[in-house]
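Encoded as structure tokens, the structure appears first; notes follow it.
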Amino acid sequence: MLPKRSYLLNAAYEWVADNNMTPYLLVDAEQDGVVIPTEFVKDGRIVLNISMSAVRHLIMDKEAVSFEARFSGKPMQVYVPIRAALAVYSKENGDGFVFPDEEFLDDPTPTPPEPKKGFQLKVVK
């Protein structure tokens, strides 16, 4: 079966955002493939604000969470393989979900996508 973590992550994110709170993502910074600002890692973990006001181009799919954000004023493309996502919770009250341990396929971690530049227009008929 497919790991349930990506489904739970999306649901938890929507639940926190729908309650007008700030979704935070707890990440295992020591997992392979994690691309994060290492200067903010404590005890092998990092907490990332993934609210729409804090990030650009947020993508949460079955493989990873990726987005662009600024850290100390510097833009950075962040990439968190789904196995490294440990929890999603609200900044305001700490309520949220810690994801259960589960087995993941030993496929190599996909490479992070290239950051998008500018707007993309699409003709809709």
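Note that our numbering has the sequence shown beginning at 46, numbered continuously upward.
Ideal placement from N, C-alpha and C gives every residue a C-beta, glycine not left out.
Model, not experiment: these values are computed from the prediction.
Query	Result
Are serine 51 and aspartate 106 close, meaning C-beta to C-beta below 8 Å?	yes
Contact defined as beta carbons within less than 8 Å: I believe arginine 101 pairs with phenylalanine 112. What is the distance between those atoms, to the nearest angstrom?	7 Å
Determine, using beta carbons only, whether valine 123 and valine 80 come nearer to each other than 8 Å.	yes
Sort Pro82, Met66 and Ala56 by Cα distance to proline 120 and report the nearest one.	Pro82
Nearest CA to the CA of leucine 93: which residue from Leu150, Ala130, Gly141 and Leu70?	Leu70
Cβ atoms of proline 68 and alanine 74: under 8 Å apart, would you say?	no
Label alanine 56 either buried or exposed according to how many other C-beta atoms from any shown protein chain fall within 10 Å of its C-beta, with 16 as the threshold for buried.	exposed
Specify, as a first and last residue, the run of the beta strand (DSSP E) that valine 133 falls within.	130-135
When the Cα of glutamate 46 is compared with those of Gly141, Glu147 and Asp140, which residue comes out closest?	Looking at the sequence provided, one finds methionine at residue 46 rather than glutamate. Closest by alpha carbon: Glu147.
Do valine 143 and alanine 174 have their beta-carbon atoms positioned less than 8 Å apart in this structure?	For the chain, the structure presents residues 46 to 170; residue 174 sits outside this window and is missing.
Which same chain residues end up closer than 8 Å to serine 96 when comparing Cβ atoms and leaving out the 5 residues on each side of it in sequence?	Ala62, Thr67 and Pro68
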